[in-house]
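Just so it is clear: in the sequence shown, position 2 is 2 by the UniProt record's numbering, and no numbers are missing. Shown next, in structure tokens, is the structure this report addresses.
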Amino acid sequence: MTLPEPARLLDKPREGLPPVTHDDIDDAVARLAAGTGPFGVDTERANEMHYSSRAYLIQIRREGAGTVLIDPVGIEDRLDGLKKIMNEAWILHAAHQDLVCMAELGLRPTSVFDTEVAALLLGYEKISLQAVCERALGWTLAKEYSRSDWAQRPLPLPMLTYAALDVELLGELREVMTAELKELGRFEWFAQECEEVRLRKPAPPHQQPWRRSSRQAGIRDQRALAMLRELWNARDDLAKRRDLAPHKVLPNAVLAELAKRKPRSRADVATSSLLRKGARKQDADTWWHAIDIAWHLDERMLPERRFSEQRDPFPPTNEWVRKRPEAAERWARLRPTVLEIAEELGIRQEVVLKPRTQKLVAWNGWDSLTELEAHLAEDGARPWQIELTARRIDDAVRG
């Protein structure tokens, strides 16, 4: 029995660590312009530490140009040259969040090669960049600084090394994974999925983001719910002004527990065991002001006890038998069909067809194959998904 060779550790860029580009952005643009082919792209954000979801570091790699690390903070108005040359194809891993913060800087690709999407369509069990590099290329990358504070300056060398390695192998991944996708006849599927990623809009914010914390804390009293809402909004204002992640100002659980206790005075807030830490106690006036607002609200202005941010036009599937039995019957036949297709292909069922789309067509029903195909397309299913699933679903449900 031959054991597989262990993956090789790649712990530093093979061409050396490039310097960070800031004031010399024009030199970096010229260097990248002299290269050829698509751009390997990654960004580093600091959502765990800061309120902003902006890019604090941009990593770009291109054949013939090597890797460039760009600190965009403070030079946002000097990126016109970069915008011009990067209006090309990009290679990214888990592209969506990177695309959002790059678009904020005016940087957009003409096409995307997302190595995470490729891994999903190839049936990889693990789809992190590290796992994909190990499986496809035999390299293993250290993953140590993803949750670090990328807003700090100067950035330590170990963090810069980590950042550079995130784009080191993207070009090689593109070559290997393209060959694998074509061998399986799935490259056109991949192209359609990547275009969906490129054009995808950010998800809308939650209407009442504080509700989850209220449920976790078991808050049912309407006045306490109002206090949590006001505290949540006050914390968000503080976090934005200080450019801190909201949980760094006051954790969700503490916010909810403070509301649940329904303090009657500023002293109750200031002496609360929840605010023993000095950094928390300094904002006692803010917390009391929010609570006091809630105390003085007319009962008609209090939030309802129950609120469901239901974004889907159908109830949970466990309610279907009671509410729409014919939909429950369709679901009982549709679901195994999609699972069967996924098993045949060796990929996840949510890649074959989004669970929401599966439920939507089962809930609404259809009268013909053409109508089913139209419903799938209306909910965002790509042509390859419709071609793969529609007839088999129709046969299973109506045949």
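The C-beta atom is built at its ideal place from N, Cα and C for all residues, glycine as well.
Helix, strand or coil, according to DSSP, for residue i in the structure here?
i                 : result
arginine 242      : helix
phenylalanine 307 : coil
proline 383       : helix
arginine 8        : strand
tryptophan 287    : helix
glutamate 48      : coil
arginine 62       : strand
glycine 37        : strand
leucine 170       : helix
serine 111        : strand
valine 68         : strand
threonine 317     : helix
alanine 118       : helix
leucine 369       : helix
leucine 184       : coil
residue 400       : With the chain represented from 1 up to 399, any question about residue 400 goes unanswered, as that position is not in the structure.
aspartate 394     : helix
threonine 337     : helix
valine 351        : helix
arginine 91       : Inspection of the sequence shows that residue 91 is occupied by isoleucine rather than by arginine. Isoleucine 91: strand per DSSP, three-state reduction.
threonine 2       : Because threonine 2 sits at a pLDDT of 48, beneath the cut-off of 50, its placement in the model cannot be relied upon, and the following sentence gives the value as read from the coordinates. Three-state result, threonine 2: coil.
threonine 21      : strand
On the criterion of 16 or more Cβ atoms from any shown chain inside 10 Å, does residue i qualify as buried, or is it exposed?
i              : result
leucine 339    : exposed
leucine 307    : Checking the sequence, you will find phenylalanine at residue 307 rather than leucine. Exposed, by the Cβ-count rule.
alanine 30     : exposed
valine 167     : buried
threonine 43   : buried
proline 263    : buried
proline 38     : buried
methionine 301 : exposed
glycine 399    : exposed
glutamate 326  : exposed
valine 321     : exposed
glutamine 358  : buried
glutamine 385  : buried
arginine 211   : buried
alanine 34     : exposed
alanine 179    : exposed
histidine 50   : buried
leucine 9      : exposed
leucine 199    : exposed
leucine 157    : exposed
threonine 21   : buried
Between the Cα of residue i and the Cα atoms of the options, which residue gives the shortest distance?
i              : options                           : result
proline 204    : Glu172, Ala362 and Glu309         : Glu309
glycine 278    : Met227, Phe314, Asp268 and Val249 : Val249
proline 303    : Leu258, Glu230 and Trp363         : Glu230
proline 383    : Cys194, Leu228 and Leu244         : Cys194
arginine 311   : Ala28, Arg356 and Ala267          : Arg356
tryptophan 232 : Arg242, Val254 and Asp221         : Val254
isoleucine 58  : Asp379, Glu144, Ala179 and Ile25  : Ile25
leucine 82     : Met102, Leu92, Met177 and Glu63   : Met102
valine 41      : Gly74, His289 and Arg174          : Arg174
proline 109    : Ala374, Ile293, Glu196 and His375 : Glu196
asparagine 252 : Ala224, Ser213, Ala7 and Ala267   : Ser213
lysine 201     : Val132, Ala55, Phe187 and Gly380  : Gly380
isoleucine 347 : Ala377, Leu184 and Thr370         : Leu184
aspartate 77   : Leu105, Ile127, Ser368 and Asp98  : Leu105
arginine 266   : His289, Ala151, Thr370 and Tyr162 : His289
serine 128     : Arg242, Pro154, Asp98 and Ala94   : Ala94
isoleucine 60  : His50, Ala28, Ile75 and Arg54     : Ala28
aspartate 350  : Val100, Leu120 and Ser52          : Here residue 350 turns out to be glutamate, not aspartate, going by the sequence shown. That would be Leu120, whose Cα lies nearest to the Cα of glutamate 350.
residue 467    : Leu345, Ala224, Leu258 and Ala142 : Residue 467 is absent from the model: the chain starts at 1 and stops at 399.
aspartate 149  : Pro13, Lys354 and Asn47           : Asn47
Give me the Cβ distance between residue i and residue j, rounded to the nearest whole Å; I'm assuming they're in contact under 8 Å.
i              : j              : result
lysine 260     : isoleucine 219 : 5 Å
isoleucine 91  : leucine 170    : 4 Å
threonine 337  : isoleucine 393 : 5 Å
alanine 390    : glutamate 373  : 5 Å
arginine 305   : glutamine 222  : 6 Å
tryptophan 287 : alanine 226    : That pair is no contact at about 14 Å.
Beta carbon of residue i: closer than 6 Å to some heavy atom of the ligand SAH?
i          : result
valine 361 : What this structure holds is no ligand at all, so the ligand SAH is not there to describe.
Evaluate contact between the stretch 61-77 and the stretch 11-29, counting only Cβ atoms and requiring at least three cross-stretch pairs below 8 Å. yes
Handout entry: At least three beta-carbon pairs within less than 8 Å, the stretch 312-326 to the stretch 238-249
Key = no
Check whether the stretch 138-146 touches the stretch 116-125, counting contact only when three or more Cβ pairs, one atom from each stretch, lie closer than 8 Å. no
If you pair each beta-carbon of the stretch 225-239 with each one of the stretch 280-289, do three or more pairs fall below 8 Å?
-> yes
Three or more C-beta pairs below 8 Å linking the stretch 325-343 and the stretch 357-373: yes
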